Amino acid sequence: MTTTAGPSTPVSAVLAATGETPGPRAVTGGPGLPQRRQLVTELPGPRSRELLARREAAVARGVSITFPVFVVAAGGGILVDVDGNALIDLGSGIAVTTVGNSAPAVVDNVIRQVQAFTHTCFMITPYEGYVAVCEQLARLTPGDHEKRSALFNSGAEAVENAVKIARIHTGRQAVVVFDHAYHGRTNLTMALTAKNHPYKNGFGPFAPEIYRVPLSYPYRDGLSGAEAAARAIRVIESQIGAHNVAAVLIEPIQGEGGFVVPAEGFLPALAAWSKAAGAVFVADEVQTGFARTGAMFGCEHEGVVPDLIATAKGIAGGLPLSAVTGRAEIMDSAHPGGLGGTYGGNPLACAAALGAIETIERDGLVERARAIGARVLPRLRAVAARVPALGDVRGRGAMLAVEIVDPATGRPDGAAAGAVARRCHAEGVVVLTCGTDGNVLRLLPPLAIGDELLDDGLAVLVTALESLAG
Ligand SMILES: *Cc1c(COP(=O)(O)O)cnc(C)c1O
Numbered sequence: 147m148t149t150t151a152g153p154s155t156p157v158s159a160v161l162a163a164t165g166e167t168p169g170p171r172a173v174t175g176g177p178g179l180p181q182r183r184q185l186v187t188e189l190p191g192p193r194s195r196e197l198l199a200r201r202e203a204a205v206a207r208g209v210s211i212t213f214p215v216f217v218v219a220a221g222g223g224i225l226v227d228v229d230g231n232a233l234i235d236l237g238s239g240i241a242v243t244t245v246g247n248s249a250p251a252v253v254d255n256v257i258r259q260v261q262a263f264t265h266t267c268f269m270i271t272p273y274e275g276y277v278a279v280c281e282q283l284a285r286l287t288p289g290d291h292e293k294r295s296a297l298f299n300s301g302a303e304a305v306e307n308a309v310k311i312a313r314i315h316t317g318r319q320a321v322v323v324f325d326h327a328y329h330g331r332t333n334l335t336m337a338l339t340a341k342n343h344p345y346k347n348g349f350g351p352f353a354p355e356i357y358r359v360p361l362s363y364p365y366r367d368g369l370s371g372a373e374a375a376a377r378a379i380r381v382i383e384s385q386i387g388a389h390n391v392a393a394v395l396i397e398p399i400q401g402e403g404g405f406v407v408p409a410e411g412f413l414p415a416l417a418a419w420s421k422a423a424g425a426v427f428v429a430d431e432v433q434t435g436f437a438r439t440g441a442m443f444g445c446e447h448e449g450v451v452p453d454l455i456a457t458a459k460g461i462a463g464g465l466p467l468s469a470v471t472g473r474a475e476i477m478d479s480a481h482p483g484g485l486g487g488t489y490g491g492n493p494l495a496c497a498a499a500l501g502a503i504e505t506i507e508r509d510g511l512v513e514r515a516r517a518i519g520a521r522v523l524p525r526l527r528a529v530a531a532r533v534p535a536l537g538d539v540r541g542r543g544a545m546l547a548v549e550i551v552d553p554a555t556g557r558p559d560g561a562a563a564g565a566v567a568r569r570c571h572a573e574g575v576v577v578l579t580c581g582t583d584g585n586v587l588r589l590l591p592p593l594a595i596g597d598e599l600l601d602d603g604l605a606v607l608v609t610a611l612e613s614l615a616g
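Next up, the structure:
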């Protein structure tokens with residue numbers, strides 16, 4: 147079907163041209179969608195290509211697209227595009243739709259809330275949903291100390307606020323971050339993020355008092371957790387001074403930086419050092435949080451209890467919400483009015499979060515994430531045993547990755563990883579890449595995906611990876 151829709155076409159006309167009626171459930175996604183990959187056009191199909199042309203004329207090119215198929219519905223492990231193709235989603239919109247797209251508890255809560263009221267600003271006239279989300283965060287995050295939370299909109303905003311809180315609590319300024327770290331795209335979080343292109347290049351000047359130290363990267367450095375921590379601590383003490391450190395900020399498993407799982411003992415050693423130094427240990431659990439790694443939070447795998455935890459992505463089933471949760475005495479260091487924002491903890495996002503949390507617990511999604519890891523990792527390791535370009539297979543739960551290298555030199559091979567991703571895309575399987583060198587294929591399937599669909603997606607990925615044996 148063709149549409150002549152253009153920039154001035156009303157939404158109703160666009161929907162009419164697609165045979166859909168306007169309204170909240172105009173196109174029904176959610177787990178009721180048939181859980182089957184099906185391609186009816188080449189990808190992207192003709193209607194996606196039309197929309198791509200409109201996008202080029204209207205959307206800034208700085209906002210780039212990984213896989214240009216335009217989605218009309220999604221649920222379980224399936225994305226349906228405007229051309230009627232059903233694709234397998236192994237990315238969850240970057241670890242966001244952990245509970246599945248349009249998960250019923252999320253949809254029901256949001257519909258009820260949107261019909262009641264859409265916004266008051268919690269800082270002006272409050273509402274229960276915000277408080278209820280903070281209560282859930284206190285219950286779910288590691289540690290049984292007294293906790294407080296503050297809600298925001300994006301992961302970057304949560305990380306920025308964690309830094310603000312750590313600074314006012316300690317009266318210190320220095321923030322320790324790690325090689326390959328990713329913490330966001332705002333001015334402070336660009337400074338916290340490691341990779342120059344595309345995140346930082348030309349966008350400076352960056353915020354001061356940010357210090358980068360070496361990470362534990364077992365595949366690359368061969369160090370034990372204790373050795374890698376000693377290396378990082380040596381840099382901190384000699385180049386910053388322990389008494390100047392406000393916060394040590396780390397992703398328990400790095401996300402955009404390459405799904406790097408630190409060697410055992412690295413995180414506990416840094417947490418212990420922070421405590422002794424009077425610095426605030428901040429876990430950026432924006433990508434690892436909410437069941438993704440086979441624990442509610444990534445820190446739990448090593449029994450680490452952070453002082454502050456930043457969360458976002460998987461927290462609200464697709465609605466924009468983020469949080470900082472932590473020790474009451476640290477969180478309450480910030481004076482009234484010092485934290486907040488117009489939309490932070492928006493009532494729709496809070497309603498969605500309560501639905502997402504309910505779904506994670508009711509459906510046993512922490513266990514599901516572990517089962518996904520147990521299903522996928524051995525198959526990827528079997529390919530790695532045959533294909534030397536697969537330098538490393540790693541991850542926890544449903545946060546899994548393959549690092550692609552040049553077998554002759556062991557150097558990162560971003561071009562090969564990109565080629566594998568494109569092959570998967572052409573077959574209707576959404577996979578993402580990451581890593582400072584773009585050479586890591588990452589899997590973040592929705593935990594609502596069924597085994598059959600997961601196996602189908604994995605088979606496509608395995609075939610694409612085997613092409614590297616060539
Ligand atoms: C995505 C991400 C962020 C930034 O979150 P936004 O919502 O995109 O601002 C921060 N930290 C980590 C670990 C992330 O994965």
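Converting from the sequence shown to the working numbering requires adding 146 to each position, the first position being numbered 1.
We treat Cβ as the ideally placed atom computed from N, Cα and C, and that holds for glycine.
These figures come from a predicted structure and were not determined experimentally.
- A320 and G519 have their alpha carbons spaced roughly 37 Å apart.
- T457 is bridged by DSSP to A469.
- Listed in chain order, the alpha helix (DSSP H) elements of length 4 or more contained wholly in the region 408 to 461 are 412 to 423.
- When only Cα atoms are considered, Q181 and R527 end up about 26 Å apart.
- Nearest C-alpha to A423 among T244, H389, V359 and R438: H389.
- Residue side-chain check: V432 places its Cβ nearer than 6 Å to a non-hydrogen atom of ligand 1.
- For E306, the distance from the CB to the nearest heavy atom of ligand 1 is not below 6 Å.
- In the assembly as shown, Q261 is an exposed residue. Its beta-carbon has fewer than 16 other beta-carbons within 10 Å.
- The beta carbon of G411 sits closer than 6 Å to the beta carbons of G371 and A372 from its chain, once the five residues preceding and following it are set aside; these are given in chain order.
- In this structure Y357 does not touch C496 by the C-beta definition: roughly 35 Å separates them, more than the 8 Å allowed.
- A distance below 6 Å between beta-carbons, with the five flanking residues on each side excluded, links P408 to the following residues of its chain, in chain order: S362.
- By the CB criterion at 7 Å, H315 and I476 fall inside the cutoff.
- Less than 7 Å separates the beta-carbon of G463 from that of A249.
- At a threshold of 6 Å, H447 does not count as near ligand 1, since its beta carbon sits no closer than that to any of the ligand's heavy atoms.
- In summary, I506 is buried, with 16 or more beta-carbon neighbours lying within 10 Å of its beta-carbon over all protein chains present.
- By the Cβ criterion, the region 437 to 448 is not in contact with the region 269 to 283, since fewer than three pairs of Cβ atoms, one from each stretch, lie closer than 8 Å.
- When the beta-carbon positions are compared, V391 and A340 stay at least 7 Å from each other.
- Around the beta-carbon of F349, fewer than 16 other beta-carbon atoms lie within 10 Å, marking it exposed.
- G221: member of the beta strand (DSSP E) spanning V217 to G221, first to last residue.
- Runs of the alpha helix (DSSP H) spanning 4 or more residues and lying entirely within the region 303 to 381 occur at 333 to 338 and 364 to 367, in chain order.
- Per the coordinates, the alpha-carbon of R588 lies some 13 Å from the alpha-carbon of T212.
- Look at R542 here: in three-state DSSP terms it is strand.
- For T579, DSSP records a beta bridge to L587.
- A distance criterion of 6 Å places the beta-carbon of S300 in contact range of ligand 1, judged by its closest non-hydrogen atom.
- Taking all protein chains in view, the Cβ of T287 is crowded by 16 or more other Cβ atoms within 10 Å, so the residue is classified as buried.
- Between A241 and Q433, the C-beta spacing is below 7 Å.
- Contact between R193 and D229 is confirmed by a C-beta separation of about 5 Å, below the 8 Å threshold.
- Sequence-distant partners of G401 (beyond 5 residues in either direction) whose C-beta falls short of 6 Å from its own C-beta, in its chain, are Y328 and Q433.
- Checking the DSSP bridge columns, you'll see P524 has no partner listed.
- Annotation: L179 is outside any beta strand (DSSP E) and is labelled neither H nor E by DSSP.
- Across the structure, P452 and L416 are spaced so that their CA atoms are roughly 10 Å apart.
- The nearest non-hydrogen atom of ligand 1 is 6 Å or more from the C-beta of G603.
- In this structure, ligand 1 has a non-hydrogen atom nearer than 6 Å to the beta-carbon of G401.
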